[in-house]
Amino acid sequence: MIWFTWRQFRTPATITAGALAVFAVVLLVSGNTITDLYSSVATCQSDCGNAVDAFLTQVRNGAGGTIYNAALAVMYAAPPLIGVFWGAPLIAREIEAGTHRLAWNQSITRSRWLATKLAVVGGATALATGLLSWGVTTWAQRIDSAAADRITPLVFGARGVVPIGYALFAFALGVTCGMLIHRTVPAMAATLGVYTVAVASMPLWLRAHLMPARHETPALDMGNLDALLIDQKGAMLVEPNAVANAWTVSNQTVTSSGQPFTGPADLTRCGRSAAIRGCDEWVGSLGLRQDVVYHPDSHYWPLQWIEAGIFVALAALLAAVSFWWLRRRLS
Amino acid sequence: MTDPVLRATGLSKRYGRRVALADCTLAVPPGRVVGLVGPNGAGKTTLLQLAVGMLAPTAGSITVLGGRPGSGPAQLAKVGFVAQDAPTYAGLTVAEHLRFGRHTNPGWDQAFAEERIAQLDLDPTQKAGRLSGGQRAQLALTLAVAKRPELLVLDEPVASLDPIARREFLRALMAYTAEHRTSVILSSHLVSDLERVCDHLIVLTASRVRVAGEVDELMGSHYRLTGARRDPGDLPAGAEVIEHSHTERQSTYIVRSLVPIDDASLTVEQLTLEDLVLAYLSRPVAPHRPELETAR
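Protein chains in written order, with our numbering: chain A, 1 to 331; chain B, 1 to 296.
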């Protein structure tokens with residue numbers, strides 16, 4: 001049965017291995033260029049901020065920038081592609097072609113038939129995305145540490161162990177959809193839809209709550225403002241800068257009693273004719289605080305493992321549903 | 001061994017409200033070639049899929065070779081099944097199908113399978129998707145018999161084949177069963193397919209078993225009676241009317257009778273198997289005594 005599953009899976013596996021090999025060559029070649037550029041940062045003794053900025057500018061303006069974006073796209077595309085092209089057809093195509101009636105009447109139980117398929121193709125899923133994520137994470141290590149943004153949502157989902165969890169989930173989702181829907185193309189569409197909702201909901205609503213975020217209310221630092229806006233009626237919006245090397249979940253200016261600060265502005269200090277410095281001094285004298293919730297970089301690995309664990313658990317749950325359905329309902 | 005190869009008691013299968021098979025009670029003796037005949041949609045496929053464990057019954061019970069169908073590897077090994085349209089893996093070669101069979105069946109007889117493939121003149125390197133319908137059916141049959149089953153179940157094996165392929169397939173099947181004494185259940189909606197190969201018959205219409213029994217006994221207990229127009233009540237005692245037709249002067253009855261009919265006023269004829277089956281197929285579903293049409 002292992003031979004047979006491999007025989008059926010051989011073509012997609014070969015195509016994927018080829019694509020991974022090509023991508024690996026691109027990463028290897030451009031990785032050397034990035035290492036060369038990074039030497040100025042590595043050897044920097046003082047005032048390293050400029051060296052870091054120069055490094056990032058050089059990388060982004062060169063081929064490295066294109067590859068960086070392509071790698072992000074590949075990391076986000078790989079799991080749903082696996083779900084759609086490896087997961088959904090795995091059972092649906094057999095049912096569609098009627099070959100499950102051939103397979104289920106050999107001297108092996110259909111549970112073993114499914115278990116072998118899940119093990120072989122699921123193993124390939126973990127291996128392929130593991131290698132891909134390891135390659136990309138390693139390649140982007142210098143850029144990520146220079147930009148200090150590996151915990152921000154976009155980068156977070158494309159590095160480390162999270163993509164493996166996404167891919168296993170997508171694969172199990174595809175298998176389950178195929179088993180419930182019985183037709184390959186609708187199962188592919190359902191897989192893509194459910195996967196997109198599940199994965200997008202992580203950064204949008206769920207990830208910030210996977211572990212307690214840091215909540216701080218320091219005094220407002222007028223030298224660290226991202227924006228200070230006043231409209232004609234005097235309503236104000238004071239936005240402090242996001243926390244460096246962290247994922248800032250929420251960030252606002254509050255009054256000393258904890259209410260969000262919205263003005264009104266003292267138009268004699270902040271009006272059109274008043275000096276800008278005067279307005280800054282006035283805002284600074286109000287005793288405002290910054291109310292910021294963020295995940296520091298030290299939360300990166302705990303969050304990675306928790307999120308990957310959640311998706312692996314979901315994949316296991318879907319696999320259990322598949323087995324149950326195969327034994328109880330698909331008859 | 002006299003235990004039935006298949007025993008069904010009150011066997012029913014429903015899909016929601018649709019009844020696919022209703023209250024089927026059967027005992028199929030071993031060593032027979034059983035023909036399961038009925039129109040399309042009568043429940044033949046449902047009964048066969050219940051027998052191989054592809055389906056689970058809604059009510060009632062079915063045992064095949066003493067075990068619950070599909071209950072485990074040992075049970076699966078005892079039953080060979082060729083599903084309707086003989087599904088095969090289009091992208092796999094003939095040889096790869098045999099390898100699949102070898103890897104998934106402990107009792108697999110590779111020499112026998114290869115010999116069959118050679119006899120059938122199939123190219124082992126040919127992809128199954130490029131075989132003709134007849135060749136594909138033969139490949140599916142090879143997979144089913146090379147696992148050395150005690151019971152072979154074939155669902156409409158020849159329905160999609162042209163007449164020559166049909167004859168070839170049935171000939172190959174008969175050669176196999178004659179040599180290996182395997183019990184066979186095969187379904188068809190055409191009696192002519194089954195006439196020469198079956199020694200036991202099950203007629204299924206509208207999800208119910210109409211009649212089941214040894215072909216010889218069925219042939220010996222059904223008669224066509226022709227005579228002057230008369231009511232069913234005037235037929236000899238013990239004759240169960242299966243079908244009747246009337247002209248102005250004459251009545252024709254097809255009856256089942258366990259005792260020989262001896263009535264000088266009737267012409268008694270033997271039926272062909274096809275006539276017998278057709279009589280049952282045209283019998284109304286709700287059993288009631290047919291009455292003479294009086295309206296003119």
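We put the beta carbon where it would ideally sit given N, CA and C, even for glycine. Model, not experiment: these values are computed from the prediction.
Which of helix, strand or coil DSSP assigns to residue i
i, result
"B:Q49", "helix"
"A:Q106", "coil"
"B:S188", "strand"
"A:Q45", "coil"
"B:I62", "strand"
"B:G213", "strand"
"B:L161", "coil"
"B:S71", "coil"
"A:R10", "helix"
"B:E248", "coil"
"B:E168", "helix"
"B:S257", "coil"
"B:T272", "coil"
"B:V197", "coil"
"B:E240", "strand"
"A:T33", "helix"
"B:T182", "coil"
Any C-beta of chain B under 8 angstroms from that of residue i
i, result
"A:L20", "no"
"A:R7", "yes"
"A:F323", "no"
"A:F85", "no"
"A:M1", "yes"
"A:N241", "no"
"A:F23", "no"
"A:R93", "no"
"A:G98", "yes"
"A:T109", "yes"
"A:W301", "no"
"A:R101", "yes"
"A:W139", "no"
"A:W104", "yes"
"A:A316", "no"
"A:F156", "no"
"A:F311", "no"
"A:F4", "yes"
Residue i vs residue j beta-carbon contact at 8 angstroms
i, j, result
"B:G66", "B:D3", "yes"
"B:S183", "B:E274", "no"
"B:A74", "B:T46", "no"
"A:A24", "A:I82", "no"
"A:F261", "A:L225", "no"
"A:F55", "A:L37", "yes"
"A:R142", "A:Y300", "no"
"A:V162", "A:G87", "no"
"B:T88", "B:A144", "no"
"A:W3", "A:L180", "no"
"A:V84", "A:M188", "yes"
"A:L220", "A:Q290", "yes"
"A:Q106", "B:T93", "no"
Closer than 8 angstroms to chain A by CB, residue i
i, result
"B:E269", "no"
"B:H103", "yes"
"B:A59", "no"
"B:G72", "yes"
"B:Y89", "yes"
"B:F112", "no"
"B:L6", "no"
"B:V52", "yes"
"B:F169", "no"
"B:P236", "no"
"B:K44", "no"
Residue i CB to nearest heavy atom of the ligand FMN below 7 angstroms
i, result
"A:T184", "Here there are no bound small molecules, and the ligand FMN is not part of this structure."
request  = May I have a chain-ordered list of the beta strand (DSSP E) segments no shorter than 3 residues that lie completely inside the region 244-291 of chain A?
outcome  = 246-254
request  = Only counting runs of 4 or more residues, tell me where the alpha helix (DSSP H) segments fall wholly within the region 79-140 of chain B, in order along the chain.
outcome  = 94-104 and 110-119
query = Would you say the region 147-157 of chain B touches the region 98-114 of chain B, given that touching needs at least three Cβ pairs under 8 angstroms?
reply = yes
Every unbroken alpha helix (DSSP H) inside the region 86-174 of chain A [4 residues or more] = 88-97, 100-103, 110-139, 141-147 and 153-156
Every unbroken beta strand (DSSP E) within the region 3-60 of chain B, with a cutoff of 3 residues, ordered by chain = 6-15, 18-28 and 33-37
message = Please give me, in chain order, every unbroken run of the alpha helix (DSSP H) with length at least 4 that falls completely inside the region 162-243 of chain A.
response = 162-181 and 184-201
Completely contained beta strand (DSSP E) runs for the region 285-329 of chain A, where each covers 3 or more residues = 289-296
task = Kindly confirm or deny that the region 3-16 of chain B and the region 154-163 of chain B touch, where touching means at least three C-beta pairs closer than 8 angstroms.
result = no
key: Segment contact flag, the region 208-226 of chain A with the region 265-275 of chain A, C-beta cutoff 8 angstroms, min 3 pairs   = no
ask   = Touch check for the region 132-140 of chain B and the region 173-190 of chain B: three-plus C-beta pairs under 8 angstroms?
value = no
query = Do the region 269-281 of chain A and the region 251-258 of chain A meet, that is, are 3 or more Cβ pairs less than 8 angstroms apart?
reply = no
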